[in-house]
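What follows is one structure encoded as structure tokens, with my remarks underneath.
Protein chains in written order, with the UniProt record's numbering: chain A, 1 to 593; chain B, 1 to 769.
If you want it as structure tokens, here you go:
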């Protein structure tokens, strides 16, 4: 590869070797060493040492878990084939010999090892993980290749076109839209193109505050490496530990701190993508152009159907001088939403502002680690007394907003005051930095919790939408109620957890996240029930004026609604682009259209 | 404990009263003071009265016994709708989807007599009982908060701005108008007045009725429903008495008391109007016409009540009291307002509860008959109400209130409404309801009325009237009908009714002759039994100076006949579908199913305003008719043909005779249009003219049914003709003028007479909102 030694700012750390499965679970979320379990005393513990919660005991979780789901620690459903993959259960690869031969001559690493292939055959949808836990594998890629740079990708795509091989780009593997599933009807050899080795920051331009980065870099590495030079991108999706820059571009990702830094479409200055027709990129890095429809918008959200994103020039910012968490308790969800709306109207949203509903507040509470000192627990008791007794908040209605402020110290404090003043108008009480920080920490461990639930007959998932302000309350109420009703109708024996939070604010609306989980004891086909309920919930979202997706993307999971979402003509436009760029459907993951 | 309650409630009431009195004029104030004194006395005396234990104890067992989730209870009609697609044979279809008819007896343990407790317990104990309904989904809202949120609504502001621009008056003035409309309209529900209402009604009901039966399981499902979603109570309206009966029952059984939509004339009654307002009634003007602001205030008020979910909402989907005791074609305006919050996603679901109120004897029976003959309805006034107290001396038998299965609007609308259509406009911007919304509202409204019909209870007297009216009127007034013949016929038709799925109130514990004797005795104002024969009594002498002419004689007979017809109408919904098939068999003289179905559908078009047919269910209705006729052995049915065995002739003739008065009356009006009537007319001119025309025909012996004189029938013919586009409304006309297409009317008349086969008649969907 033609990179100049001097221009390399940093190289990603050890983690993302070719064999990712050595440090990550192949049938669950995240690192192998980090997981929740119930110890002999029935207390929940989180293992490992990577997170703040690691090594701590969470005393409240068991009660919450049992009372919310009607689950019991006596009824276990451990993964059947954990932790080692049984490679004989995987279909032998269908190889295109000519392609393999030519590819081998280029020296690009490749593998048809069952473990490598299975690891890249899925994202993190519930049905995908559930099947893996049961040791069931559908169609998996026949081969994995690890290009090292843009030129490697160009070679691979050329060969794929030449030999008519199906390519599926693979970044962090955190998709929740069935985007990585191999189409079962695909008869050609499927090659998973793993971008993880393209993980360098190629240059940093401090005059223009941009960085040119290879698209395989994972969020946490990008941030850490930039931090070493005193910069950050500020793009922090909840999956940033594992998701890649190329994946963000391909799905139109959104970060928690988008209020300050913007979403991926605001951050990207320049993109390079390899398509079957050649490489697409713009000729300059002008901050804005009027040159017809922006071709970047064919790339962003293309979900791997047009090509492989290889390099991205992104905006960077100096690292913030000061960060401060915060939280506000509201007497009810309605007041909380009204406050968020007002904050958005005044355009004074902090880097992040999120509003959890009552169920989620209780959930967050259950995840409080054991407090070490009597003083802290006394203080907590006092707080609770103040809010529920003195202020008269109903513990079954109150909800909490978590805040994150960033910037220079003085401005942060000023900003903080402004936001708390608005909150006070809506009955909000400041509830401390600790609650806020714990709220954000939870976003990283919540995916681990799903694995715990799956050990005890509980399955669940989250999904998101964006919706105009005037419909936020209605959509939250209706979708939650619809989930509960559908569960009842579909024969779920226990009442489900159906909860939501508002995670982003915009001028004209908000992003809403729903969490949904239930105890499936007594159901013969829980995943099917789950899918039916999720389907109904999505219909409800659309009927209430919500969008098909705010940032998860469409994949194959939500394809059926695309036509209604973007109209017949819109579909035709996208199809004609696909037909031109990739007439032989080399990028054949069949997402989106 | 008990005493403390009294004191608290007393304080509550007196506060209300002093507030109210400040708003009333001098004369009323005196009355108020008297009232206050009386209440004071009552309260004081109450303290000494032996306290009554928990009044609901008696029902506790029943309540827990019948507790079940309401969503699992699918009404028959809906269930059958669902299963329709899967089934092939009509017989299997019908038997599977319609629950076996049950004869409900008044001693059935499922039915509870509300008055039973009251006759034994203390009325004051009842009045001042602890009232703790299960909480509604939302906290309570005071009437002034409710008004304020209506005034603050974006919708009202939007319309007010439009009105301001249109009329050129300043916005503040328009909002001021809106405020006064709202004040005129607004309810002011207060527990103290509910208690007063409960006390008064207990006294009145005990005088009027032997018992008030309600179905406990219906009430139990309702109790579940009020805790989940906004509930809309939809009773039928047969008498002024049932105006507060629902509130009364809900109070008695610890359920939240509803807000009720009422006609503005009630508000005009001195004191009573205010009491009604404080018992939860809100008042709507009768003719709103094109008053945009009024519509806006009203619809926002209704929607806000639904959205806030603080109390059930009660309204009469039929729009007004039925003068004929037959269900009326539902009015869709209010129905649409009620459903809109669901369509727009402002509530998760709405629960509709069809409620059927049936009477052994209706208080206003003779007033209603006279109204149908053109005697104007007396204005609602307190003086009139006091005068009417003489009826307290009379016996009106029993009253039946049946709470139907709650219906989930969400489930019913599935696949009928595309809620996404509201995504692209702010929801407060007024929008013409689209065709699918209109059709859905109309369908739901009809469905509810049909379920009201199914839930209503048919007494022996209704069946006796069916039998009586099978005979020519001159026989009934002249020689009279043999009692034995009548009672045999009634017992025979009782079996038929049961076969057709009726709910009867015919106690099995009393012998059949006794039941009928007692029914006849209850209605001695209409019929008289002398020496083994039954005679129809002519109406009272109208107070007139002029000598009685032959036309007056017709009117007097007509009044009596219409009273009989009303009670017959109570049972008609059971027979109407089989009867239409019977008529089809008779008129077309055909056996082919297709042809019969064609004529059946034609009859549904013609009688679209006479009887309730759920839109889009013609084929199912036909299958239902076939099924019932087959069940009672009147016809044999195979894939192609419907044949009549000799043994079926009796049933068919009975059914056909039930429908004949309607067919004859319609033919008279058709004839009037074709021969006599003007080309252009207004509704005001039409009714007396047709009445005169029909009177002439009766006197000349050409017409035998007196029902042609009923203004209700005449109006229904007009509506049907408009629907068939044989009569069109003149656009330019301000006085509701219509133009007749004589050719089209003649054609319709010929089809009805069987002279020409029914063509594809142009019928526009009737979904004006």
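We treat Cβ as the ideally placed atom computed from N, Cα and C, and that holds for glycine.
The structure presented is a predicted model; accordingly, all values stated were derived computationally and were not measured.
Start and end residues, beta strand (DSSP E) containing residue i
{"i": "residue 501 (chain A)", "result": "497 to 505"}
{"i": "residue 614 (chain A)", "result": "Within the shown structure, residues of chain A are numbered from 1 to 593, placing residue 614 (chain A) beyond reach of any answer."}
{"i": "residue 35 (chain A)", "result": "No beta strand (DSSP E) holds residue 35 (chain A); DSSP gives it neither H nor E."}
{"i": "residue 407 (chain A)", "result": "399 to 407"}
8 Å Cβ cutoff, residue i in contact with chain B
{"i": "residue 602 (chain A)", "result": "Past the boundaries of the shown model lies residue 602 (chain A); chain A is included only from 1 to 593, so the question cannot be answered."}
{"i": "residue 646 (chain A)", "result": "This structure gives no information on residue 646 (chain A), because the portion of chain A shown stretches from 1 to 593."}
{"i": "residue 507 (chain A)", "result": "no"}
{"i": "residue 474 (chain A)", "result": "yes"}
Chain A contact for residue i (CB, 8 Å cutoff)
{"i": "residue 776 (chain B)", "result": "In the structure as shown, chain B starts at 1 and stops at 769, and residue 776 (chain B) therefore has no counterpart that could be examined."}
{"i": "residue 100 (chain B)", "result": "Here residue 100 (chain B) scores only 33 on pLDDT, less than 50, and its place in the model should not be relied on; the value that follows carries that caveat. For residue 100 (chain B), the answer is no, since every Cβ of chain A falls outside 8 Å of its Cβ."}
{"i": "residue 253 (chain B)", "result": "no"}
{"i": "residue 423 (chain B)", "result": "yes"}
{"i": "residue 440 (chain B)", "result": "no"}
{"i": "residue 747 (chain B)", "result": "no"}
{"i": "residue 430 (chain B)", "result": "no"}
{"i": "residue 757 (chain B)", "result": "no"}
{"i": "residue 139 (chain B)", "result": "no"}
{"i": "residue 495 (chain B)", "result": "no"}
{"i": "residue 427 (chain B)", "result": "yes"}
Delimiting residues of the alpha helix (DSSP H) encompassing residue i
{"i": "residue 336 (chain B)", "result": "333 to 343"}
{"i": "residue 152 (chain B)", "result": "143 to 152"}
{"i": "residue 296 (chain A)", "result": "296 to 299"}
{"i": "residue 492 (chain B)", "result": "483 to 499"}
{"i": "residue 193 (chain B)", "result": "191 to 208"}
{"i": "residue 550 (chain B)", "result": "550 to 588"}
{"i": "residue 224 (chain B)", "result": "216 to 226"}
{"i": "residue 661 (chain B)", "result": "649 to 671"}
Residues near residue i by beta carbon distance below 8 Å, same chain, minus five either side
{"i": "residue 234 (chain B)", "result": "314, 315, 316, 317, 352, 353, 354, 355, 448, 452"}
{"i": "residue 282 (chain B)", "result": "185, 186, 187, 259, 260, 261, 262, 301"}
{"i": "residue 73 (chain A)", "result": "38, 42, 62, 66, 456"}
Residue i: contacting residues in chain A (beta-carbon distance under 8 Å)
{"i": "residue 118 (chain B)", "result": "Within 8 Å Cβ-Cβ: nothing; residue 118 (chain B) doesn't reach chain A, min ~38 Å."}
Listed by chain order, chain B residues near residue i by CB distance under 8 Å
{"i": "residue 250 (chain A)", "result": "The premise fails here: residue 250 (chain A) is roughly 27 Å from chain B at the closest Cβ pair, so nothing lies under 8 Å."}
Contacts that residue i makes with chain B (C-beta to C-beta distance below 7 Å)
{"i": "residue 478 (chain A)", "result": "345, 348"}
{"i": "residue 481 (chain A)", "result": "348"}
Contact list for residue i against chain A, beta-carbon separation under 9 Å
{"i": "residue 674 (chain B)", "result": "Going along chain A, no residue has its Cβ under 9 Å from residue 674 (chain B), so there is no contact; the nearest lies around 51 Å."}
Beta-carbon neighbours of residue i, restricted to chain A and to distances below 7 Å
{"i": "residue 420 (chain B)", "result": "542, 543"}
Close Cβ partners of residue i (< 6 Å) along its chain, the five nearest in sequence each way excluded
{"i": "residue 305 (chain B)", "result": "259, 313"}
{"i": "residue 323 (chain B)", "result": "368, 371, 372, 712"}
{"i": "residue 532 (chain B)", "result": "483"}
{"i": "residue 614 (chain B)", "result": "446, 447, 450"}
Sequence-distant residues of its chain with Cβ nearer than 7 Å to residue i (five each side left out)
{"i": "residue 541 (chain A)", "result": "465, 475, 479"}
{"i": "residue 601 (chain B)", "result": "618"}
{"i": "residue 349 (chain B)", "result": "229, 342, 408, 409, 410"}
The ligand ZN heavy atom lying under 7 Å from the CB of residue i
{"i": "residue 353 (chain B)", "result": "This structure simply doesn't include the ligand ZN, nor any ligand for that matter."}
Cβ-based contacts, 7 Å cut-off: residues of the segment 539 to 553 of chain A near chain B: For the segment 539 to 553 of chain A, the set of positions with a beta-carbon nearer than 7 Å to some beta-carbon of chain B reads 542, 543, 544, 545 in chain order.
Cβ-based contacts, 9 Å cut-off: residues of the UniProt domain "Phospholipid/glycerol acyltransferase" (231 to 360) of chain B near chain A: Identification of residues in the UniProt domain "Phospholipid/glycerol acyltransferase" (231 to 360) of chain B having a C-beta nearer than 9 Å to some C-beta of chain A yields 344, 345, 346, 347, 348, 349, given in sequence order.
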